[in-house]
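**Q**
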Amino acid sequence: MIQTRQDEHNPAELDKPPYSSKSYSGDSRHLRLGADDSDRGAKNSVIYSCGRYLQKVATGLNSLFSGMGVTIRYFVNPGRIITQQYPENRESLRMMERFRGHVVMIHDENDHHRCTGCGICEKACPNGTISVLTTKDRAGRKVLGRYIYRFSQCTLCNLCIESCPFGAITMGRDFELAVYDRQLLTFILNKTQGGI
Amino acid sequence: MNQLPTDTNYPVHNIVGDLVRHHFPGVAGYVNGFLTLASLLLLVALLPVFLIWLERKVAAHFQARLGPMRVGYHGLLQSTADGLKLLFKEVLMPKGADRFVFFLAPILPASAAFLVMTILPFDHHLQVADPAGGVIYVLGISGLSTLGILMAGWASNNKYSLLGAMRSGAQMISFEISLALIMLLIVMVTGTSSLRGIVLSQQGTILDWWIFKLPVLGLVAFMMYMISSTAELNRAPFDISEAESELTGGFATEYSGISFSMFFFAEFVNMFVSAGLAATFFLGGFLAPQIGIGLIDMVLNFIPGFVWFFCKTVLVIFLYMWFRWTFPRLRIDQLMDLEWKMLLPANLVLLMVTGVFLAVGWIL
Amino acid sequence: MELLLIDNVPEGFTSGLSSDETSEEYFLNMGPQHPSTHGVLRLVLKLNGESVLEVVPHLGYVHRGIEKLAESQTYLQNIHLTDRLDYLSSHINNLGYCLAMEQALDIGVPERGEYIRVMISELQRIQSHLLWWGVSGMDLGAVSTFLYGFKEREMITDIFEELCGARLTMNFFRPGGSFADVPDSFIPRVKKVIERMHVALDEYNTLLTDNVIFRERTKGIGILSKEKALSYGCTGAVLRASGVSYDVRRNDPYSIYDRFDFDIPIGTVGGCFDRYRMKMEEMAQSVRILEQAVKDFPAGPYRSKEQSAYRLPQGNYYSQVETARGLLGTYIIAEGGPKPYRVKFRSPAFSNLSGLHEMAVGHKIADLVTILATLDFVVPEIDR
Amino acid sequence: MGVSGASGVTEQVAEILDKYPGGIRLVDSIEYLVAWARANSLWPLIYGTACCAMEMMSTGSSRHDWARFGVEVARATPRQADLIVLAGTIVEKMGPNLVTLYEQMPAPKYVIAMGSCAISGGPFYYDSYSVIRGGDRLIPVDVYVPGCPPRPEALLYGIMELQKKIRKEGRRNPWKVGKLLDTPFVDTHSMAKQEWTAQEKEKESGLQLARERFKTENPDYKPAKPQRLAKEKFAAVTRVEVRNNGLDNASILTAVQKVFPSVTLFRQTDITPDNVAGLGPEYILDLEIGQGQYTELVRFLKEDKDLGIDLLLQVTAVDWQDHFDVLVHLLSTRHGHKLFLRCPVAKERAEIHTISDIFRGADWHEREVFDLFGIRFIDHPDMRRIFLQDDFPGYPLRKDFEDPERVVKRPY
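Chains as they are written, first to last, in this note's numbering: chain V, 478 to 673; chain D, 89 to 452; chain X, 3 to 386; chain U, 69 to 480.
1) How would you label S515(V), buried or exposed, when you count the other beta carbons within 10 angstroms and need 16 or more for buried?
2) Since K613(V) is in the alpha helix (DSSP H), which residue starts that stretch and which ends it?
3) Under 7 Å, CB to CB, which of the residues in the segment 411 to 439 of chain U have a partner in chain X?
4) If you measure beta-carbon to beta-carbon, which residues of the segment 629 to 655 of chain V are closer than 7 Å to chain D?
5) Counting only the same chain and skipping the five closest in sequence on each side, list residues whose C-beta sits under 7 Å from that of A217(D).
6) Name the chain V residues that come within less than 7 Å of S146(X), Cβ to Cβ?
7) DSSP three-state call for N50(X): helix, strand or coil?
8) Report the residue from G231(D), L375(D), R323(D) whose alpha carbon sits nearest the alpha carbon of R417(D).
9) When the distance is taken between beta carbons, is Q322(X) closer than 8 Å to L314(X)?
10) For a test of the three-state rule: what should DSSP assign to D86(U), helix, strand or coil?
11) Compute the Euclidean distance between the alpha carbons of R348(X) and Y320(X), then round it to the nearest angstrom.
12) Could you check which residue in A304(U), V310(U), I357(U) has the C-alpha nearest to that of L329(U)?
13) Rounded to whole angstroms, what's the CA-CA distance from V146(D) to G252(D)? Just pull it up for me.
14) Using CA coordinates, which residue listed in G238(U), F427(U), C185(U), A105(U) is at the minimum distance from G357(X)?
15) In chain order, which continuous runs of the alpha helix (DSSP H) of length 4 or greater are located wholly inside the segment 335 to 398 of chain D?
16) With 8 Å as the C-beta to C-beta threshold (strictly closer), list the residues of the segment 551 to 563 of chain V near chain D in chain order.
17) CB I114(U) to CB A142(U), shorter than 8 Å?
18) Can you list the residues of chain X that M182(U) reaches, using a CB-CB cut of under 7 Å?
19) Excluding sequence positions up to five away, which residues of its chain have a Cβ less than 8 Å from the Cβ of V111(X)?
20) Quick one, which of K346(X), L370(X), M282(X), I373(X) has its alpha-carbon nearest I384(X)'s?
21) Between F455(U) and L61(X), how many whole angstroms is the CB-CB distance? I'm expecting something under 8 Å.
22) Anything in chain D within Cβ reach of G594(V), meaning under 8 Å, just list it in chain order.
23) When Cβ atoms are compared, which residues of the segment 606 to 619 of chain V fall closer than 7 Å to chain U?
24) Select from R191(X), A351(X), R219(X), A72(X) the residue whose C-alpha is nearest the C-alpha of G273(X).
25) Quick one, are the C-beta atoms of L230(U) and D210(U) less than 8 Å apart?
26) Please check the pair R577(V) and A168(X), which I expect to be a contact at CB under 8 Å, by giving their CB distance rounded to whole angstroms.
27) Who are the neighbours of M162(U) on chain X, taking C-beta pairs under 8 Å?
28) Just the Cα atoms here: how many angstroms apart are I224(D) and G231(D)?
29) Terminal residues of the continuous beta strand (DSSP E) containing S321(X)?
30) For L407(U), which beta-bridge partners are listed by DSSP?
31) Would you say N667(V) faces chain U, with C-beta separation under 8 Å as the test?
32) For the segment 159 to 178 of chain X, which residues have a beta carbon sitting closer than 9 Å to at least one beta carbon of chain U?
33) From this set, P350(X), F352(X), L377(X), A351(X), which residue's C-alpha is nearest A362(X)'s C-alpha?
34) Show which residues of chain V have a CB atom less than 9 Å away from the CB atom of Q262(U).
35) Going by C-alpha distance, which of P255(X), V250(X), F175(X), Y278(X) is nearest Y77(X)?
36) Out of A354(D), S349(D), V287(D), point me to the one whose CA is closest to A169(D)'s CA.
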């Protein structure tokens, strides 16, 4: 009971009138790309069909050769090779300015950061990547104690950086961050701890 | 016009063989036999390493990239690393597989390639044996590799493997007919079925090679040979038995480690053999491409024959690679159509026309 | 013919193998890890030799419950989840979600913002189609197409990376515009892409579209008639190949698509070749839209007034956009508060794939691969 | 041969050779060679579930070309693969398949976890009922490449790190199956917070004195006010209303009401066509109908020539705590208008008649509703779960779905 598809050369299918687009409200510009099955209405004469056969072979071969022409043009033209040799080009490889590598905290030359520990980024994060743990300084004011960033579950969605009112965090442009142990993907971003 | 060459230096001899014969007349036969086999084995072992590297590099450059770069100069040692790794990899056998057949199967394609290589004329005096029915021998032996694939597919106890093997069986049996008919054509025009004899029948300038000697027909026959041998090799666009995107790994789906590498190696040795046969039949084998100008011909002749043979073979191999990295794959029924409805009739017509050419004497 | 109902008929099949001894029927499992299922779709086939008698797709191998997740995240956070539906049209997914939010909150988008949206969407479409072209070529055995397609795609991902820092999961659009303006190099880069695409499309057509083997492989395969395509709810190139002219960009224009001059290709037969040509033509049309957009790209603000927190008023909001695969509907049920009550994504590939059985039966395994390639689905979008 | 695989062979060879002078050196050099070969010939398995697979493909593309490392021989069959790059989310249903794939690979085999999903579940860390939080809960992972998704260069760096690791392998440090992460899934966010609070409390008690002293010493102490970042201000823009194409709502409603007088509008008390026309063009008609006439209405909508509705967008449901609504979204490709339809279903007896005989596309949509809401469709040809495994307890999209084993609620 092998079923074979009969509809593949069914002329009725091909001759169907094009879909009417009169009733639809928009502008009816569209391109009709019909299937160009040119086998329709083949005549029964032997010479005709032989001719068609040879023509088919010729056009087929021609299409194959022109395809080979495309590939060989790549082969003989080393200028078209676009490979960047990554570990060798480390010196010159720079990520885009907005590249989202991982979250970093901006520190000035004295290792001071701008984070106030407000926790807005923590709330903005869709999947609990950031823990802003605050402490109190000598004056009893709330300051940042530890800024935990779990890179292992970060989706680099940029929402934390957008939400930060103080511009304390930004996206780093490093990408060579592969490690052997997933524990190493939990970072503490602040270099100095506020308070005592 | 169509005379057999008079050079009948049989058995084949060369400097090394002569030296051995001179110094150890008693055991010369054994020593020479051993040397031949050893050198052939070495060739079989090293060829795929080079060819796989070549394939990967050629593929890369077809695709606007560089290919292996980091192991050795331009990745020259890449396939060595692959081979070594496969050698030291765990060999697995699926549950329910036929152990004996499963491990026998990978050996067959490799040995088939090896056996055909013994009669390839690398140079004037560089050929292990030259049986009078060389062409028949080639056809007979090449069936072995099909057998290996069929056995692999059957023994693996995997439906993908079985499908791949069945496809391969049907494909190879069909295309062998075409291949045989094209070889028959060459045998018909040369009057010999010894491979060396076929090469020697093409002595003279480039125009005496069979690809040009038979006006137009030679070119057509060469093209048909390329098509059917690509199919015979299971290479794209006829790689339906492996068809990675359909059957994952085809007949080799369940093979790992060294037994997979045997298939992998055999594929490339087979490609070399097939290309070597193309060079022998159509491109004047080890003969230099003389162009009829005395001085240049002298220089060309100075280059040893096996260099020419390898050059021509690599050229044909490049064609195979070019096909592979350009064309999409055919479907099984289209493949059969191509053979039975196009190639086979065309072959028969070609044979007939060549017969007429021979009778009328239109061969260049 | 009498059918034998054996005990271990695979899930989803109505009947077992034929009891006829000469029959060569068997079941074959394809996937979830299979190179031509583009991810983790699993198909179970009933075959007779190489002919497909029945196909049963099994979904859910990457069902992550995004719709449930969306209920527990704020409206703004949900935008980044839409990236992970159909990651090849993530910008367009973002846009669809933002459109629904804008509808609810009555937020307008400035002129420049709209142009950015259209241009990015079209770049995304080209990028997705390029990947599809490469991969479907590879499925048919032409490996080089895979790498050629990626060549131009990399140019576009570079634009995206410069724009928002990510190559695939952008999270770029916000209600009222986008989170950043385009960099200065954006327009020159787009111009370069346009220039390159003109050459590249010619090259691709020579390499694959005109190739006789490719035509033989795709013509008359996997035909889906107009009625069936509609009945299965197919959209995008699949529906248009079957002869129905429906493109959201034209028939239900969002953003400023009604200002651009472009054609909607429609096919006649609805087979693989038609679907293939729809996509190729769509790329050319996207380039056309880009050309027009580049010409009158306006200056000015790129987004409207930001809100610190988005709270949608009670109601149902629906928006639809044309992704690279078809109609993506975003349906948000809001009951007030910062989080949606329910979010439903109407994924185009889910409906497109549901007609697979109709298309594949009677063809060979190799044709099934062709059909899967031209259906162009992304499994995570189907599974959500 | 077991899992230790070929390293067993090297060990045997080493035992024999060790006895001879210089043997150790020979063994060492063989070891070096084997490690070198393994490191430089990593054939990856074609495996990818989600977004990261695209970046993996990009790594293979001409631009980045992982063939330079000899990695381009991607195998579709695990028997010939050495490396499996976990690209994309792993869900529970895929878990057993992934383990099988790993087991089918011959030793030595390596695993790279690519992207947040494969490392820890990433965006689906909290609240997801089906995602496995980390590939290393299923198969041992050698290298973690973070990112979402990581850039191709990042993956190449990961491969280089793996190569470094393999190069160190030998007799003293043979390849062996690594350890799985077997700790239960914990809410690290809350845990960190709790730990920190406890620590703070302890510290606080010791600081009382210091604080008081500081206060007396610096009575005028005023902390510097943090500098707020100047953010660009944008003007509000009026929204151009999108028109709903095709037939207007009022005429559709009139046509429907003529045949089905019992039809109502969702959350609209006044259901006269005039009132509907006043709701604006963007309002999509949201009909509500009882179960009795549900299928008839759908059939009517499809078959009525004037309405021209021909495409089923989706069938879905919503859980209103006390009852479900089954939603049917329809579209007219010919005219362009949309039409929504809803039918309430009781919670106790969650059953409704199928419409898959009217729209074939409804088949899968209804299966999805069954899978996620537990609403059974009567006369459906193939009522099975579509996404989740058959033994999944409960219906996750119901509002009362609780599964503490699988789901950890977002801590904030």
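The C-beta atom is built at its ideal place from N, Cα and C for all residues, glycine as well.
These figures come from a predicted structure and were not determined experimentally.
**A** From the atom records:
1) Only weak support exists for where S515(V) lies, its pLDDT of 44 falling under 50; the value from the coordinates is given anyway. Label assigned to S515(V): exposed.
2) Where K613(V) is concerned, there is no enclosing alpha helix (DSSP H), although the beta strand (DSSP E) it sits in stretches over 607 to 613.
3) Residues of the segment 411 to 439 of chain U that bring their beta carbon within less than 7 Å of a beta carbon in chain X comprise F427, R428, G429, D431, W432, in sequence order.
4) For the segment 629 to 655 of chain V, the set of residues with a beta-carbon nearer than 7 Å to any beta-carbon of chain D is empty.
5) Excluding positions up to five away in sequence, the list reads T206, I207.
6) Within chain V, the residues near S146(X) are T548.
7) Secondary structure of N50(X) (DSSP, three-state): strand.
8) The residue with the shortest Cα to Cα distance from R417(D) is R323(D).
9) 8 Å or more divides the Cβ of L314(X) from the Cβ of Q322(X).
10) In the structure shown, D86(U) falls within a helical segment according to DSSP collapsed to helix, strand and coil.
11) Rounded to whole angstroms, R348(X) to Y320(X) spans 10 Å at the Cα level.
12) Residue 329(U) is actually Pro in this sequence, not Leu. Ranking the options by Cα distance to P329(U), first place goes to I357(U).
13) Going by the C-alpha atoms only, they are around 27 Å apart.
14) It is F427(U) whose Cα lies nearest to the Cα of G357(X).
15) Every alpha helix (DSSP H) of 4 residues or more that sits fully in the segment 335 to 398 of chain D is shown, in chain order, as 345 to 370, 382 to 390.
16) With the criterion set as a beta carbon lying under 8 Å from some beta carbon of chain D, the members of the segment 551 to 563 of chain V are Y551, F552, P555, R557, I558, I559, T560, Q562, in sequence order.
17) Closer than 8 Å, so yes.
18) Near M182(U) there are no residues of chain X at all, since even the closest Cβ is about 12 Å away, more than 7 Å.
19) Short of 8 Å from the beta carbon of V111(X), and not among the five residues preceding or following it, lie these beta carbons of its own chain, in chain order: E104, R119, G178, G179, S257, R305, S306.
20) If we check each option's Cα against that of I384(X), K346(X) comes out closest.
21) With a Cβ gap of about 6 Å, F455(U) and L61(X) count as contacting.
22) Neighbours of G594(V) on chain D: none; closest Cβ ~47 Å, over 8 Å.
23) Contacts with chain U (Cβ-Cβ distance below 7 Å) from the segment 606 to 619 of chain V involve S608, L610, T612, R615, A616, G617, R618, listed in chain order.
24) For the options R191(X), A351(X), R219(X), A72(X), the alpha carbon positioned closest to that of G273(X) is the one of R219(X).
25) Contact flag set, yes.
26) Rounded to whole angstroms, the Cβ separation of R577(V) and A168(X) is 5 Å, and the two are in contact under 8 Å.
27) Neighbours of M162(U) on chain X, chain order: P34, V42, Y63, V64.
28) Roughly 11 Å between the two C-alpha positions.
29) Its beta strand (DSSP E) spans residues 317 to 324.
30) Answer is L398(U), bridged to L407(U).
31) Closer than 8 Å: no.
32) Taking a C-beta cut-off of 9 Å against chain U, the contacting residues of the segment 159 to 178 of chain X are T159, E163, A168, R169, L170, T171, G178, listed in chain order.
33) For A362(X), the nearest C-alpha among the options comes from L377(X).
34) Ordered by position in chain V, no residue passes the 9 Å Cβ test against Q262(U), which lies about 10 Å from the chain.
35) Measuring from the Cα of Y77(X), the nearest candidate turns out to be F175(X).
36) Taking only the C-alpha atoms, the option nearest A169(D) is S349(D).
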